[in-house]
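Novice: Once you've had a glance at the structure underneath, I'll fire off some questions.
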Amino acid sequence: MDALDLARWQFGITTIYHFLFVPLTIGLSVIVASLQTAWVRTGREDYLRATKFFGKLFLVNFAMGVVTGIVQEFQFGMNWSAYSTFVGDVFGAPLAMEALLAFFLESTFIGLWIFGWDRLPRRVHLACIWAAAIGSNLSAYFILAANAWMRHPVGYEVDPVTGRARMTDIGAVLTNDQAWSTYLHVVSAAFVIAGLFVAAVSAYKIMKKRWDHPSEKGMFRRTMRAGFLVTAVAGALLAISGDHQAKLAATYEPMKLAGAEALWETEHGAGFSLFAVGDIQGSRNHINVQVPKVLSFLATGSFDGDVQGIKNVQAQYEAMYGPGDYRPNIAVLYWSFRLMMGLGMAGVAVSVAGLWLTRRGRLPSPAGWRRWMYRAVVVALPSALAGNIFGWVLTEMGRQPWTVHGELLTAASVSPGVSLGEVATSLTAFTLLYGVLAVVEFRLLLRYVKAGPGAVMPYPSSPTPGDSPREPAFTY
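Heads up, my numbering is the position in the sequence shown plus 1, with the first residue counted as 1.
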């Protein structure tokens, strides 16, 4: 093991941990804004109470996402200075836009939203949370555009003197096919997570029957169904964008697609693998249960299309880039792909079932035989989060051994002056720190969920003669 291995582990751990909070921030900001819009339009107090309740959970998650995201940028200079030197002129542009435009928009208006209750006019205050939600989604686009450039570099040239990538067309970078397609896929997944979060919190409250007020049962039924609906719609968009991602992979990243299917030889009318056991060193499968021709349809749009195999792509890359092993970790790709799809589809299926069981004003009794629904919804949330993480493992591991496809190898990207001991020290420190933060985050969210809406917007007590009604304050 050397500094490169530990640097990769460190970046993987911190990235995965950070991305536990990002999808929830992206999706929940829009859901909270929608709940507040419903309150402004209808004047119903239960919408206001739901806005404040889920708004507090959103803010806890947002704060943790900001803290963990800062570490990501430091690592570019600490462990990956050779990479930063090569890509800085290109990679820096979308990241600067993310910070100066999207993140400042998001953070500024979140501040106005927190402190603007009872101070700003209703519609102005509503515009603040929508501006924050737009900023959150813009931020995701700029970061994903930078990431997509690494998988499909466009709008640049390599300076023959400095050996660095130099941007020639910012428009090409921002409108990269991989950028907008990945954005649709990632944001759809984010809304699956956010919808399941709202549904899981609501299901937990209904299952436990811990009401501060009788009206909460009806409120949480509505928010649970809203979460189900968001997840179901986002799940459909996720499938459509995932199909497009597969076709882009066949075009720009054939090794990733072949590795994710353990497809060793180019096939005409290739089948989709459901389960395989193989010999990676021997480049063959001993067992491979397939659905005929489905992979060809996913990759080419035709059931009879040709899909390149690992051996064929390896030979092409050797001819283009010279001798070397250009295969990613096949086992990791294969199972990440299946876990991503399986766990994601399970979460969407739970939501569709939940919509059916709660139709026409129904609400399964927590004590009845259908109580499994509430438990399934709660379990579906961490399952879908895991599916999200496996999707990113597939994306990043599928690009290996490149950091910038066709231009810069991962082995050539690590900081030359960083020792094994230094990376091991920072890896240990970050892992322990993130473990503590995970406990803090979970306990805070659970505490506020158990406290319920009455903790952020107290229910009015019975008025005594002479008392004037007071509007409850929104305090954090």
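Even for Gly, the Cβ is constructed at its ideal location relative to N, Cα and C.
What do you get for L358, buried or exposed, if any count of 16 or more other CB atoms within 10 angstroms of its CB means buried?
Specialist: Position 357 of the sequence shown, counted from the first residue, corresponds to residue 358. Counting Cβ neighbours within 10 Å, L358 comes out exposed, since fewer than 16 surround it.
Novice: Per DSSP, what are the beta-bridge partners of W403 in this structure?
Specialist: Looking up residue 403 in the sequence shown gives position 402. Note: W403 sits in a beta bridge opposite L410.
Novice: Check whether the region 195-202 touches the region 158-166, taking contact to mean three or more Cβ pairs, one atom from each stretch, closer than 8 Å.
Specialist: No contact exists between the region 195-202 and the region 158-166.
Novice: Go ahead and label V424 buried or exposed: buried means 16 or more other beta carbons lie within 10 angstroms of its beta carbon, across all protein chains shown.
Specialist: Counting from one through the sequence shown, the residue named residue 424 turns up at place 423. With 16 or more Cβ atoms within 10 Å of its Cβ, V424 is classed as buried.
Novice: Measure the alpha-carbon distance for M256 versus T396 and round it to whole angstroms.
Specialist: Within the sequence shown, residue 256 is the residue found at index 255, counting from 1. Within the sequence shown, residue 396 is the residue found at index 395, counting from 1. Going from the Cα of M256 to the Cα of T396 covers about 12 Å.
Novice: Using alpha carbons as the reference points, say which of G89, V31 and M208 lies closest to S137.
Specialist: Stepping through the sequence shown from its first residue, residue 137 is reached at position 136. Measuring from the Cα of S137, the nearest candidate turns out to be V31.
Novice: Whole angstroms is fine: what's the gap from R50's alpha carbon to V450's?
Specialist: Working through the sequence shown from its first residue, we reach residue 50 at position 49. Working through the sequence shown from its first residue, we reach residue 450 at position 449. Rounded to whole angstroms, R50 to V450 spans 13 Å at the Cα level.
Novice: Using the C-alpha atoms, what's the distance from F304 back to L7?
Specialist: What you label residue 7 is simply residue 6 of the sequence shown in a count that begins at 1. What you label residue 304 is simply residue 303 of the sequence shown in a count that begins at 1. If you take the alpha carbons of L7 and F304, they lie about 42 Å apart.
Novice: I need the straight-line Cα distance from V72 to F22, nearest angstrom please.
Specialist: Taking the first residue of the sequence shown as 1, we reach residue 72 at position 71. Taking the first residue of the sequence shown as 1, we reach residue 22 at position 21. Their backbone Cα atoms lie some 14 Å apart in a straight line.
Novice: Got a sec: is the Cβ-Cβ distance from H153 to anything in chain C below 8 Å?
Specialist: No chain C appears in this structure, which consists of one protein chain only.
Novice: For H186, does the count of other Cβ atoms within 10 angstroms reach 16, so buried, or fall short, so exposed?
Specialist: If you number the sequence shown from 1, residue 186 lands on position 185. Under this definition H186 is a buried residue.
Novice: Label L1 either buried or exposed according to how many other C-beta atoms from any shown protein chain fall within 10 Å of its C-beta, with 16 as the threshold for buried.
Specialist: Nothing about residue 1 can be read from this structure; the chain reaches only from 2 to 477.
Novice: Please work out which residues of its chain come closer than 7 Å, Cβ to Cβ, to N177, disregarding the five sequence neighbours upstream and downstream, and give them in chain order.
Specialist: As a first step, residue 177 must be located in the sequence shown, where it is residue number 176. So the qualifying residues of the chain are A146, A149, W150, H153 and V155.
Novice: Tell me the DSSP secondary structure of E423 in three-state form.
Specialist: Here residue 423 corresponds to residue number 422 of the sequence shown, with the count starting at 1. Helix, per DSSP.
Novice: Three-state secondary structure (DSSP) at S216?
Specialist: By one-based count along the sequence shown, residue 216 stands at place 215. If DSSP states are grouped into helix, strand and coil, S216 belongs with coil.
Novice: What is the DSSP secondary structure of L364, reduced to helix, strand or coil?
Specialist: Against the sequence shown, residue 364 aligns to sequence position 363. Three-state DSSP puts L364 in coil, outside helix and strand.
Novice: Alpha carbon to alpha carbon, what distance is there between A233 and A381?
Specialist: For this step, residue 381 is matched to residue 380 along the sequence shown. For this step, residue 233 is matched to residue 232 along the sequence shown. So the two alpha carbons sit approximately 13 Å from each other.
Novice: According to the neighbour-count rule (16 or more other Cβ atoms, all chains shown, within 10 Å of its Cβ), is Q11 buried or exposed?
Specialist: The count along the sequence shown starts at 1 and reaches residue 11 at position 10. It counts as buried.
Novice: For V457, which of helix, strand or coil comes out of DSSP?
Specialist: As a working mapping, residue 457 is identified with position 456 in the sequence shown. In the structure shown, V457 sits in coil (DSSP, three-state: anything other than H, G, I, E or B).
Novice: Any contact between the region 382-390 and the region 308-328? By contact I mean 3 or more CB pairs, one from each, below 8 Å.
Specialist: Cβ pair count under 8 Å is below three, so no.
Novice: Can you tell which of L249, F338 and L113 has its C-alpha closest to the C-alpha of S274?
Specialist: For the purposes of this step, residue 274 is taken as the residue at position 273 of the sequence shown. It is F338.
Novice: Give me the Cα-Cα distance between T26 and G323, rounded to the nearest whole angstrom.
Specialist: Counting from one through the sequence shown, the residue named residue 26 turns up at place 25. Counting from one through the sequence shown, the residue named residue 323 turns up at place 322. The alpha-carbon atoms of T26 and G323 are separated by roughly 43 Å.
Novice: Sorted by chain position, which residues of the same chain lie with C-beta nearer than 8 Å to W393's C-beta, five sequence neighbours on each side aside?
Specialist: Numbered from 1 along the sequence shown, position 392 holds the residue referred to as residue 393. Hits under 8 Å: T16, I17 and F20.
Novice: If we ignore side chains and look at the alpha-carbon of each, how far apart do G272 and M341 end up?
Specialist: Position 271 of the sequence shown, counted from the start, is the residue given in the question as residue 272. Position 340 of the sequence shown, counted from the start, is the residue given in the question as residue 341. In a straight line, the C-alpha of G272 is about 19 Å away from that of M341.
Novice: In the DSSP assignment, what are the bridge partners of Q291?
Specialist: Walking along the sequence shown from the start, residue 291 turns up at place 290. Paired residue(s): S274.
Novice: What does the alpha-carbon distance come out to for the pair M168 and D90?
Specialist: For the purposes of this step, residue 168 is identified with residue 167 of the sequence shown, where counting begins at 1. For the purposes of this step, residue 90 is identified with residue 89 of the sequence shown, where counting begins at 1. Roughly 6 Å separates the two Cα atoms.
Novice: Quick check on this structure: which residue in R444, S82, T411 and H406 has the alpha carbon closest to the alpha carbon of Q179?
Specialist: Residue mapping note: residue 179 aligns to position 178 of the sequence shown, counting from 1. Cα-wise, what sits closest to Q179 is H406.
Novice: List, from N- to C-terminal side, the alpha helix (DSSP H) runs of 4 residues or more that fit wholly inside the region 8-89.
Specialist: Those alpha helix (DSSP H) runs which fall completely within the region 8-89 and span 4+ residues are 23-43 and 46-79.
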